[in-house]
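Some notes on the structure that comes next.
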Amino acid sequence: MKKTFTINISGTIFHIEEDAYEKLQVYLNKLKNHFGSEPEGREIVADIENRICELFLDKSKGENKVVVIEWVDEVIAIMGTPEDFIEQEGNEEPLPGSVKGKRRLYRDADNKVIGGVCSGLGAYFNIDPVVVRILFVVLLLINGIGLIAYLVLWIAVPKAVTTAQRLEMRGKEINISNIERSVRDEGTDEKRGVQSVADSAGAKGREKAAREGGTGYDLLKGLVKATVIAIGIFLILFGFMGLLGFISSLVIGQTFLSDWPLAIDSDFHLYGTLTQFVSQSTVTWGLICVGFLIGIPLLAMLYVGTKLVFGYKSNNAAIGLGMVGVWLLALVVLLVVGTREISNFRDNSSLSTSETIYPAAGKTMKISLTEDKYNGYKDLDWDLDRFKVVSVDGRNILLGKPRLDIEKSSTHDCVVVVKKQSRGKSRDEANNRIQNIVYHYQVTDSTLVFDPWFQLGSNESWKNQKVDITLKIPEGMSVYLDESVDRIIYGIANVSNTWDHDMIGKTWVMQPEGLTMKDSLDVRRDFLQQ
Amino acid sequence: MKIENTKAQMRKGVLEYCILLVLDGKPLYASDIIQELKEAKMIVVEGTLYPLLTRLKNDGLLTYKWEESTQGPPRKYYALTEEGKAFLNELHESWLELVEAVAKIKNHQA
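Protein chains in written order, with our numbering: chain A, 969 to 1498; chain B, 459 to 568.
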């Protein structure tokens, strides 16, 4: 008893016995490989199949007989094998097989210890895999690079499955005799090996074209190849360094080392610090998303780079699409989390308190800052606008910088207006935050001393809290701006349009037209009078 | 230097000429061409012919049309184009020259 298949040759249905089918398949694949996958080659193979169909029809003589292996042998004898064609044509070209084939990087599953990466690299560089393994272990022990490199290669480099791939891995030309030898050696599935020959027929055609091309073409090809490899190496380095830095800074910071320092000499930890700004879940999700958003492109770079340099084939469309999917998902989640977080800033509220002060008449009031008591502590060296986080005894304190403006008072009184502002999900929430803001200043008869910072309050997070101080002084009154207030004065209008920074260390008088600088003569006269 | 190789080279040189000769006058189908060439011992295996036919066709020397067959798949009937005819005439001349040249050399030797 024999199994039969139904096949279709040139539109005619035949029943064929299993062994005959396999032989015919091998033969047709040989032909396809010989003639190439260009339109011309396909036409030739189609013509030959046509003829084979006729020969089979001839043999069955109108009856519905089953194609047996003898018929296939006969047909092959009539049509001839590619080897016959080469002989008949008196081919001047060297027989395939004498040309060294191009190597490709594969994972060698036959000689693997873990994933076959080292044995594959060994085959690629034609060195003993043991050397590669030692190298990897050394790299692993030194700084762990070996592990990451191994994992990346394991994921990215395809396993040599078919015989054709195994040959490519060792740089042997894929041709019938090599395949057959290899298949015989390994005693593996013949069909698969030959099948992949058909797949590589296109590549073979291109190689042939390259051989026939002139030196100009070769030169160009070499140039392009060198460029591609250079780009590949660049991508690998960039992707690798990026991943390394990225992983250590973000992912590790988030997951298992929550006390990963932000700076070498700092008490600040990324995770903990971020929660000063946004809610904890936002930080967690945000970090995960950012991890994917940056990590995936870096991985892709690494992957494309290795692909360019080693020129291996892989059809991991699923992984590629999955990556793109994850990336998009991360983007969406980040947007959602971001919008949710932004909603915490939706509403705002402000609260102004006014205090009328009574400075000694006729005297110039000196405006200065108290000593910055948070100066000695370690602070987060982030360039944030008017905001800083300091660590006092292991606790993070959030500080904001107030803004001081000086205006003309509409009355004869001197008034200090402190306006606190905050944002929040609702007006109430914003109001609560305002209540938590702590800000002080001290008044004596001729001095006004402000704190350099306001505190956001314990357990608060940054929601764009602000403190705006407006000092309203009546006409005729003069103030001296101490050097220290440089830090808080903000856009003080004056008749000479002097910049804030240039206003300090000087005495200013409120005139009907606005704040006017007392010229140095006036100052000297005042000084002498005193 | 293998004698087979030299023979094959010689055959290869005139094979195209022979195909065009066979097709001169009447359109033929691949099996007919094969039959004639096999009888003349110009080709051994049939597979050799198909690439040649395709190449001649792509070079514009041959053309074909499909014809239904009572038995089996439709057949390609090949015929010479005008270009093919001119090509054949030139080959014809050079073949005669070649034969003449060889004969001349042979006669000299004799």
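Virtual Cβ for every residue (Gly too), placed ideally from N, Cα, C.
Taking 9 Å as the cut-off, the Cβ atoms of A/Leu1367 and A/Leu1270 do not count as close. In the structure shown, A/Ile977 adopts extended strand secondary structure according to DSSP, grouped into three states. Sequence-ordered contacts of the segment 1025 to 1050 of chain A with chain B read Leu1025, Ile1046, Met1047, Gly1048 [C-beta pairs closer than 7 Å]. Taking C-beta separations shorter than 8 Å and ignoring five residues to either side along the sequence, the partners of A/Ile1402 in its chain run Ser1317, Ser1318, Leu1319, Lys1388, Gln1389, Ser1390, Gln1433, following chain order. For A/Trp1476, the secondary structure class from DSSP, reduced to helix, strand or coil, is strand. Here B/His566 is exposed, its C-beta having fewer than 16 other C-beta atoms within 10 Å.
In terms of CA proximity to A/Arg1455, A/Asp1340 leads the group A/Lys1486, A/Asp1340, A/Leu1261, A/Ser1426. Membership of A/Ile1405 in any alpha helix (DSSP H) is not indicated, and neither H nor E is assigned to it by DSSP.
The three-state secondary structure of A/Ile1365, taken from DSSP, is strand.
For B/Ala537, the enclosing beta strand (DSSP E) begins and ends at 533 to 538. Using a Cβ-Cβ cut-off of 8 Å, B/Gln567 is close to nothing in chain A; its nearest Cβ partner there is about 26 Å away. Measuring C-alpha to C-alpha distances from A/Arg1072 to each of A/Met1471, A/Asp1381, A/Val1277, A/Cys1382 identifies A/Val1277 as the nearest.
With respect to the C-alpha of A/Glu986, the residue from A/Ile977, A/Val1081, A/Ile1197, A/Thr972 having the closest C-alpha is A/Thr972. The DSSP-derived three-state label of A/Met1333 is strand.
For B/Leu519, the closest C-alpha among the options B/Ser489, B/Glu540, B/Val472, B/Ser552 is that of B/Glu540. With respect to A/Gly1425, A/Met1478 sits apart: the two C-beta atoms are not nearer than 9 Å. Residue ranges of uninterrupted alpha helix (DSSP H) with 4 or more members, entirely inside the segment 1285 to 1342 of chain A and ordered along the chain, are 1285 to 1311. About 6 Å separates the Cβ atoms of A/Thr1475 and A/Ser1446, confirming a contact at the 8 Å cut-off. Contact annotation: B/Tyr536 and B/Ala488 have beta-carbon atoms nearer than 9 Å.
Along the segment 515 to 534 of chain B, going in chain order, the ones with a CB nearer than 9 Å to a CB of chain A are Lys515, Asn516, Ser527, Gln529, Gly530, Pro531, Pro532, Arg533, Lys534. By the CB criterion at 9 Å, A/Ser1311 and A/Val1383 fall outside the cutoff.
Put simply, the CB of A/Thr974 is far from chain B, with every gap to its CB atoms at 9 Å or more. Taking a Cβ-Cβ cut-off of 7 Å, A/Phe982 has no neighbours in chain B, whose nearest Cβ is about 11 Å from it. Between the alpha carbons of A/Pro1050 and B/Pro509 lies a distance of about 11 Å. Among the residues of chain A, none has a CB under 9 Å from the CB of B/Val472; the nearest is roughly 12 Å distant. Under the Cβ criterion (8 Å, minimum of three pairs), the segment 1090 to 1101 of chain A does not count as touching the segment 1109 to 1126 of chain A. Only those residues of the segment 1003 to 1019 of chain A whose C-beta falls short of 8 Å from the nearest C-beta of chain B are listed: Phe1003, Glu1008, Glu1011, Ile1012, Asp1015, Ile1016, Asn1018, Arg1019.
A/Leu999 belongs to the set of residues whose beta carbon lies under 9 Å from a beta carbon in chain B. Taking 9 Å as the cut-off, the Cβ atoms of A/Asp1373 and A/Asp1436 count as close. Residues Cys1086, Ser1087, Gly1090 of the same chain have their beta carbon placed closer than 6 Å to that of A/Pro1097, with the five preceding and five following residues left out of the count. Residues of the segment 536 to 554 of chain B with a C-beta less than 8 Å from any C-beta of chain A: none at all. Cβ contact annotation for A/Ile1044 (same chain, cutoff 7 Å, sequence separation greater than five): Tyr995, in chain order.
Restricting attention to A/Leu1203, A/Leu1267, A/Gly1190, the CA atom closest to the CA of A/Ile1215 is found in A/Leu1267. With distances taken between CA atoms, A/Gly1473 lies nearest to A/Met1485 out of A/Thr1324, A/Ile1262, A/Met1485. In chain B, no part has a C-beta under 8 Å from the C-beta of A/Ser1087; the shortest such distance is about 40 Å. Residue environment analysis places B/Asn516 among the exposed positions, since fewer than 16 neighbouring C-beta atoms fall within 10 angstroms of its C-beta.
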